[in-house]
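**Student:** Sharing a structure with you now.
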Amino acid sequence: MEAKQFPTLMPVPFAQHGQRNDIPQQSQIGTTKGAASLVDGFPPLTMTDPLKGGIPPFGKDVNGILYLLALTARWAQLGGSFTYNGSFANDPNVGGYPQGAVLLRADLSGFWFNLADNNTTDPDAADGSARNWLSLNPDWDAQSGPGQILNRPNLAKVATSGSFDDLEDQPDIPAAQVNADWGAEDGIAKILNKPRLAKVATSGEFGDLEGLPETVVVNLNPGASVTLDLTPIADGNPEILFNLTVAVGATTTISLANPPAAGVLAAFLLVVNNSLGSAIVWPSNINWPQGIAPSLTGTAGKFDTFVIFTQDGGVTYSGFVAGQNQ
Numbered sequence: 568m569e570a571k572q573f574p575t576l577m578p579v580p581f582a583q584h585g586q587r588n589d590i591p592q593q594s595q596i597g598t599t600k601g602a603a604s605l606v607d608g609f610p611p612l613t614m615t616d617p618l619k620g621g622i623p624p625f626g627k628d629v630n631g632i633l634y635l636l637a638l639t640a641r642w643a644q645l646g647g648s649f650t651y652n653g654s655f656a657n658d659p660n661v662g663g664y665p666q667g668a669v670l671l672r673a674d675l676s677g678f679w680f681n682l683a684d685n686n687t688t689d690p691d692a693a694d695g696s697a698r699n700w701l702s703l704n705p706d707w708d709a710q711s712g713p714g715q716i717l718n719r720p721n722l723a724k725v726a727t728s729g730s731f732d733d734l735e736d737q738p739d740i741p742a743a744q745v746n747a748d749w750g751a752e753d754g755i756a757k758i759l760n761k762p763r764l765a766k767v768a769t770s771g772e773f774g775d776l777e778g779l780p781e782t783v784v785v786n787l788n789p790g791a792s793v794t795l796d797l798t799p800i801a802d803g804n805p806e807i808l809f810n811l812t813v814a815v816g817a818t819t820t821i822s823l824a825n826p827p828a829a830g831v832l833a834a835f836l837l838v839v840n841n842s843l844g845s846a847i848v849w850p851s852n853i854n855w856p857q858g859i860a861p862s863l864t865g866t867a868g869k870f871d872t873f874v875i876f877t878q879d880g881g882v883t884y885s886g887f888v889a890g891q892n893q
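Per the numbering used here, the sequence shown starts with residue 568, numbered consecutively.
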């Protein structure tokens, strides 16, 4: 399997607003005809010919089961983990956590690793009842297990005390004789081989930097197709600011041209001045967060700003929304 074969993400669980039944754990045979349960699934009656007394499965049961499963699937897609649950661990149908299980700490700041099958103990317990759990957080004092810091250096005493008195082989520091004076032109206070400082060294002002590269500003002509030409970046400019005004109800197709060679970062901004009902079509090789290309706000007089960059010679681009409807 390849990393690009990731499944479709579920922003909402199946049947979030649909009609559904809560699926009980205990069997519903003899209680509600044809009702599903976690123990039986769909009972035999739903698999019997209706002409012989069978009944079809309830659609609400189907929604309920898929909703229950989708809750966990969506949680996993979001990278969610699970904390210890005593009722779940001690359920006779579970019998405790298996060896190799990883649980989120109760304070949500780390993980526990389980070393034994059928472990029902609480790793977060402060009363010493936890058994066979190891912290996955790095532990300076750990001598073994997942928390052990490999190749940990032996620190000098001063590393943890911070005290000057704990320094070893302290040099003999002579008493101060005179203060050095940056402005002194002669005498004992004169600083020898004093470097000539650039103006910015004492002003701290951005404007006093010399040789600043310039950001290129490009005002694009509106049209059905607009090309963003990256030649200025290939020529050595640090970035480009593209300004684009779109017409009322117009759809503008964007293309990209002349990126620098692979290994050179090409970053640029696109600021779109919206009109009513305006829209945009992006190149297919721009990767957006969550794989969703942004739309224009389409509000007259409002600006949408996008940040886009490439570093592989324009094979692929990464795009982000910096602001909309501003």
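No residue lacks a Cβ here, since even glycine has one placed at the ideal position from N, Cα and C.
Look at the alpha carbon of residue 821 and the alpha carbon of residue 575, and state the distance between them as a whole number of angstroms.
**Tutor:** Reading the sequence shown from its first residue, position 254 is the one you call residue 821. Reading the sequence shown from its first residue, position 8 is the one you call residue 575. So the two alpha carbons sit approximately 27 Å from each other.
**Student:** So, do the stretch 815-829 and the stretch 786-796 have three or more beta carbon pairs nearer to each other than 8 Å?
**Tutor:** yes
**Student:** Whole-angstrom Cβ separation of residue 833 and residue 826, contact assumed at under 8 Å?
**Tutor:** Position 266 of the sequence shown holds residue 833. Position 259 of the sequence shown holds residue 826. Indeed they touch by this definition, with Cβ atoms about 5 Å apart.
**Student:** Output yes or no for whether 7 Å exceeds the beta carbon distance between residue 829 and residue 796.
**Tutor:** As a position in the sequence shown, residue 829 is number 262, starting the count at 1. As a position in the sequence shown, residue 796 is number 229, starting the count at 1. The answer is no: Cβ separation not under 7 Å.
**Student:** Can you give me the C-alpha to C-alpha distance between residue 625 and residue 660, rounded to a whole angstrom?
**Tutor:** Within the sequence shown, the letter at position 58 stands for residue 625. Within the sequence shown, the letter at position 93 stands for residue 660. Going by the C-alpha atoms only, they are around 26 Å apart.
**Student:** Along the chain, where does the alpha helix (DSSP H) that runs through residue 634 open and close?
**Tutor:** Indexing the sequence shown from 1 puts residue 634 at position 67. From DSSP, the alpha helix (DSSP H) with residue 634 extends over 626-644.
**Student:** What is the rounded straight-line gap between the Cα of residue 724 and the Cα of residue 858?
**Tutor:** Locating residue 724 in the sequence shown gives position 157, where the first residue counts as 1. Locating residue 858 in the sequence shown gives position 291, where the first residue counts as 1. Cα-Cα distance, rounded: 52 Å.
**Student:** Does DSSP classify residue 893 as helix, strand or coil?
**Tutor:** Start at 1 with the first residue of the sequence shown, and residue 893 comes out as number 326. Reduced to three states, the DSSP call for residue 893 is coil.
**Student:** Nearest-angstrom Cα distance between residue 763 and residue 754?
**Tutor:** In the sequence shown, the residue the question calls residue 763 occupies position 196. In the sequence shown, the residue the question calls residue 754 occupies position 187. Spanning the two alpha carbons is a distance of roughly 19 Å.
**Student:** Can you find the residues in the same chain that come closer than 6 Å, C-beta to C-beta, to residue 848, ignoring five residues on each side of it along the sequence?
**Tutor:** Looking up residue 848 in the sequence shown gives position 281. Result list for residue 848: 820, in chain order.
**Student:** By DSSP, does residue 573 sit in helix, in strand, or in coil?
**Tutor:** Indexing the sequence shown from 1 puts residue 573 at position 6. In the three-state scheme derived from DSSP, where H, G and I count as helix and E and B as strand, residue 573 is classed as coil.
**Student:** Alpha carbon to alpha carbon, how far is residue 614 from residue 886? Give it in angstroms, no decimals.
**Tutor:** Residue mapping note: residue 886 aligns to position 319 of the sequence shown, counting from 1. Residue mapping note: residue 614 aligns to position 47 of the sequence shown, counting from 1. Residue 886 and residue 614: Cα-Cα distance of roughly 52 Å.
**Student:** When you compare the CB positions of residue 701 and residue 680, do they come within less than 7 Å of one another, or not?
**Tutor:** As a first step, residue 701 is located in the sequence shown; it is residue number 134 there, counting from the start. As a first step, residue 680 is located in the sequence shown; it is residue number 113 there, counting from the start. Yes, these two residues count as a Cβ contact at 7 Å.
**Student:** Could you check the C-alpha separation between residue 765 and residue 750 for me, to the nearest Å?
**Tutor:** The residue given as residue 765 occupies position 198 in the sequence shown. The residue given as residue 750 occupies position 183 in the sequence shown. Using only the alpha carbons, I get a separation of about 16 Å.
**Student:** For the stretch 839-856 against the stretch 797-804, are there 3 or more C-beta pairs whose distance is under 8 Å?
**Tutor:** Not touching, per the Cβ criterion.
**Student:** Here's a check: name, in chain order, each residue in its chain whose Cβ is nearer than 7 Å to the Cβ of residue 641, leaving out the five neighbours to either side.
**Tutor:** By 1-based counting over the sequence shown, the position of residue 641 is 74. Same-chain partners within the cutoff: 577 and 580.
**Student:** Relative to the C-alpha of residue 837, which residue among 727, 605, 793 and 768 is closest?
**Tutor:** Here residue 837 refers to the residue found at position 270 when the sequence shown is read from its first residue. When each option's Cα is compared against that of residue 837, the closest is 793.
**Student:** Have a look at the DSSP bridge pairing and note the partners of residue 680.
**Tutor:** On the sequence shown, position 113 is the one that residue 680 refers to. 669 and 701.
**Student:** Measure from the alpha carbon of residue 689 to the alpha carbon of each residue in 707, 676, 703 and 670, then state which is nearest.
**Tutor:** Reading the sequence shown from its first residue, position 122 is the one you call residue 689. Ranking the options by Cα distance to residue 689, first place goes to 670.
**Student:** Is the beta carbon of residue 883 closer than 7 Å to that of residue 852?
**Tutor:** Working through the sequence shown from its first residue, we reach residue 852 at position 285. Working through the sequence shown from its first residue, we reach residue 883 at position 316. In this structure, residue 883 lies closer than 7 Å to residue 852 by Cβ.
**Student:** Can you check whether the CB of residue 889 is closer than 7 Å to the CB of residue 874?
**Tutor:** Counting from 1 along the sequence shown, the entry for residue 874 is found at position 307. Counting from 1 along the sequence shown, the entry for residue 889 is found at position 322. Residue 874 places its beta carbon less than 7 Å from that of residue 889.
**Student:** CB-CB under 8 Å to residue 806, same chain, minus the five flanking residues each way: which ones, in chain order?
**Tutor:** Here residue 806 refers to the residue found at position 239 when the sequence shown is read from its first residue. Excluding sequence neighbours, residue 806 sits near 782, 783, 800, 834, 835 and 836.
**Student:** In the DSSP assignment, what residue or residues form a beta bridge with residue 823?
**Tutor:** Translated into the one-based positions of the sequence shown, residue 823 becomes position 256. Answer is 795.
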